[in-house]
Each structure stands twice: as structure tokens, then as C-alpha cells.
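**Q**
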Amino acid sequence: DTEVTQTPKHLVMGMTNKKSLKCEQHMGHRAMYWYKQKAKKPPELMFVYSYEKLSINESVPSRFSPECPNSSLLNLHLHALQPEDSALYLCASSHTGDLETQYFGPGTRLLVL
Amino acid sequence: GENVEQHPSTLSVQEGDSAVIKCTYSDSASNYFPWYKQELGKGPQLIIDIRSNVGEKKDQRIAVTLNKTAKHFSLHITETQPEDSAVYFCAASQSSYGKLTFGQGTILTVHP
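First to last, the sequence lines map onto chains A and B.
Each residue of the first sequence is one higher than the one before, counting from 23 in this note's numbering.
Each residue of the second sequence is one higher than the one before, counting from 5 in this note's numbering.
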């Protein structure tokens, strides 16, 4: 099973709301990633967790807060977002991270009003 | 940091023709080069990858070639089918933790 699941599929939120995106994998992977993808653009890396520890933060604004409760789960907490944060948020995982296939989930399409 | 350029941005072919997409990268330390296919409403899916100790890799109708000296790699799809229509992204990686730098993408359309 090479599936990464993400919930919700769609999310609409106001600029004062707090919401969370969830990602789950059961492949035993120890590296998990959050990407942001705007329309007609490539995915942009936001965060990398390796063995449940944050290893890369690509200078993402603090209104995005990642969390890795265990090796199978990855959350992205959202607070006080701006309309320009509207995008497809993709989660991915890989075995350990080093030069390996990253398996992507279907993404959460976020609209900030 | 790494910079990956991808060409062409759009590619239109007839069913049965071949399609070639090219990427160049800037960081000579990069040593892992995956290709992803993204269909509408879905996440990117790996279709083939190559590592720097290999010059060419083939999987049925799909092949990738790598020229480390020139710092470019290419995706070749033969006998294209309408279901090959999608956005294709190349990427490069040289670091631990699997940081990928993507090209800008190629919209491939295969006409029946």
C-alpha cells in the first residue's frame, strides 16, 4: 500500500479562523513533508519531518504550524491566514528521506476568504 | 540553492507520437532526479527516477536520460496515449531529508 491520505479534501476558512489539515500514511515511512502548490505552479516545500522531528522549515510564516504526533500522522495547523494562502496543500512521505521516492497525497484545496 | 529549469512549458502531440521534456539543474551536487505526473485534482505521482550513477533508465514506454557533465536530464515517452495527458514535473535533490526542487512543469496534451 503506497497511499498517503489527506483530510479534508476541501476547506474554506475566514482570516480569523483556526483549522487543521491532516495527513496519514501507513507505509512505515519516517520522513513526512508539507508542500504548497499554487495553480499552474510546481509544489513548494514548506516543512520536513524526519523521525518525528522538524528538520526543515523553509521560512514559512508562523501562521502555519506543523505537528507530527507520531510516525504515521502529520498535521498542519492554520491560524489567521491571508487570501494569498489559498492553494493546494500536499502531504508526502518517504522511507527515511535521503534521495528516495516521495509519495504524495491528493492534497487539501484551501480557500481563504 | 538549486534551480531547475524545465522545457517546454506546453507540449501537444498526436497519439502514438513520442514526447520529450528536458530539464537543466544548477547544483552539481544534485544526485537524485525524479519525474512526477500530476493529473487534474490529484497529487503528483512518481513515474520514473534516476540517480547520478546511472545514465539512462527505462520502464516500458518511459525513459529518462541523465547527463551530469552538462547538468541536464530528459524524459522520453514513446507511443503516447491520451491518458498520458497531464502536467509533468522534473525535480532534483542533493540533500539529506529529501528536499526536492521542482521544475516549472510541462502540460502534455495527447490528441486521439
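Beta carbons: idealized from backbone N, C-alpha and C, even for Gly.
These numbers were taken from a predicted model, which means no experiment stands behind them.
Give me the subset of the segment 51–65 of chain B whose CB atoms are less than 8 Å from a CB atom of chain A, sorted by chain position.
**A** Going along the segment 51–65 of chain B in chain order, one finds Asp53, Arg55 with a Cβ nearer than 8 Å to chain A.
**Q** For A:Pro128, which option in A:Ala114, A:Val134, A:Pro83 has the closest C-alpha, if you only look at C-alpha atoms?
**A** Taking the first sequence and counting its residues from 1, the one referred to as residue 128 of chain A is at position 106. For the residues A:Ala114, A:Val134, A:Pro83, the minimum Cα distance to A:Pro128 belongs to A:Ala114.
**Q** Quick one, which residues of the segment 108–128 of chain A are near chain B if we go by CB-CB under 7 Å, in chain order?
**A** The residues in question are Leu112, Ser116, Gly119, Asp120, Leu121, Glu122, Thr123, Gln124, Phe126, Gly127, Pro128.
**Q** In the DSSP output, which residue or residues are listed as bridge partners for B:Asp53?
**A** Counting from one through the second sequence, the residue named residue 53 of chain B turns up at place 49. In DSSP, B:Asp53 forms a bridge with B:Pro38.
**Q** Straight-line CA distance for B:Thr105 to A:Lys62?
**A** By one-based count along the second sequence, residue 105 of chain B stands at place 101. By one-based count along the first sequence, residue 62 of chain A stands at place 40. B:Thr105 and A:Lys62: Cα-Cα distance of roughly 16 Å.
**Q** Chain A beta carbons: is any one of them nearer than 8 Å to that of B:Asn35?
**A** For the purposes of this step, residue 35 of chain B is taken as the residue at position 31 of the second sequence. Chain A, which has a Cβ nearer than 8 Å to the Cβ of B:Asn35, makes this yes.
**Q** Would you give the residue range spanned by the beta strand (DSSP E) that A:Glu46 belongs to?
**A** Mapped onto the first sequence, residue 46 of chain A falls at position 24. Note, A:Glu46: beta strand (DSSP E), 40–47.
**Q** Going straight from the alpha carbon of B:Asn57 to that of B:Trp39, what length do you get?
**A** Looking up residue 57 of chain B in the second sequence gives position 53. Looking up residue 39 of chain B in the second sequence gives position 35. Roughly 17 Å between the two C-alpha positions.
**Q** Using a C-beta to C-beta distance shorter than 8 Å, which residues of chain A count as neighbours of B:Gly5?
**A** Mapped onto the second sequence, residue 5 of chain B falls at position 1. Those within 8 Å of B:Gly5 in chain A number zero; the least Cβ separation is about 10 Å.
**Q** Kindly say whether B:Gly20, judged by its beta-carbon, lies nearer than 8 Å to any beta-carbon of chain A.
**A** Counted from its first residue, the second sequence places residue 20 of chain B at position 16. For B:Gly20, the answer is no, since every Cβ of chain A falls outside 8 Å of its Cβ.
**Q** Confirm, please, whether the CB-CB distance from A:Phe126 to A:Val34 is below 8 Å.
**A** Position 12 of the first sequence, counted from the start, is the residue given in the question as residue 34 of chain A. Position 104 of the first sequence, counted from the start, is the residue given in the question as residue 126 of chain A. No, Cβ-Cβ distance for A:Val34 and A:Phe126 is not below 8 Å.
**Q** Given a cut-off of 8 Å, decide if B:Phe37 and B:Leu15 are closer than it, judged by their beta-carbon atoms.
**A** Your numbering for residue 15 of chain B matches position 11 in the second sequence. Your numbering for residue 37 of chain B matches position 33 in the second sequence. Contact flag unset, no.
**Q** I need the straight-line Cα distance from A:Thr130 to A:Lys44, nearest angstrom please.
**A** Here residue 130 of chain A refers to the residue found at position 108 of the first sequence. Here residue 44 of chain A refers to the residue found at position 22 of the first sequence. Between A:Thr130 and A:Lys44, the C-alpha separation is close to 9 Å.
**Q** From A:Thr29, A:Lys31, A:Glu46, pick the residue whose C-alpha is nearest to that of A:Ser94; which is it?
**A** Sequence index remark: in the first sequence, residue 94 of chain A carries index 72 (1-based). It is A:Glu46.
**Q** Under the three-state reduction of DSSP, which class applies to A:Pro105: helix, strand or coil?
**A** As a first step, residue 105 of chain A must be located in the first sequence, where it is residue number 83. DSSP places A:Pro105 in helix when its eight states are reduced to three.
**Q** Would you kindly report the start and end of the unbroken beta strand (DSSP E) that includes B:Asp31?
**A** Translated into the one-based positions of the second sequence, residue 31 of chain B becomes position 27. Premise fails: B:Asp31 is in no beta strand (DSSP E) and is neither H nor E.
**Q** Listing by chain order, which chain B residues have their CB less than 8 Å from the CB of A:Pro30?
**A** As a first step, residue 30 of chain A is located in the first sequence; it is residue number 8 there, counting from the start. Those within 8 Å of A:Pro30 in chain B number zero; the least Cβ separation is about 14 Å.
**Q** Within the continuous beta strand (DSSP E) that includes B:Asp63, where are the two ends?
**A** Residue numbering aside, residue 63 of chain B sits at position 59 when the second sequence is read from its first letter. Here the beta strand (DSSP E) through B:Asp63 covers 60–63.
**Q** With distance defined between alpha-carbon atoms, name the residue in B:Pro48, B:His76, B:Leu50, B:Glu43 nearest to B:Gly59.
**A** Within the second sequence, the letter at position 55 stands for residue 59 of chain B. Nearest C-alpha to B:Gly59: B:His76.
**Q** Assign A:Pro128 to one of three DSSP states: helix, strand, or coil.
**A** For the purposes of this step, residue 128 of chain A is taken as residue 106 along the first sequence, with counting starting at 1. Residue state, collapsed to three classes: coil.
**Q** Going straight from the alpha carbon of B:Tyr29 to that of B:Phe93, what length do you get?
**A** Against the second sequence, residue 29 of chain B aligns to sequence position 25. Against the second sequence, residue 93 of chain B aligns to sequence position 89. If I take the Cα positions, the gap works out to 13 Å.
**Q** Since B:Glu9 sits in a beta bridge, which residues does DSSP pair it with?
**A** Counting from 1 along the second sequence, the entry for residue 9 of chain B is found at position 5. Answer by DSSP bridge pairing, in chain order: B:Thr28.
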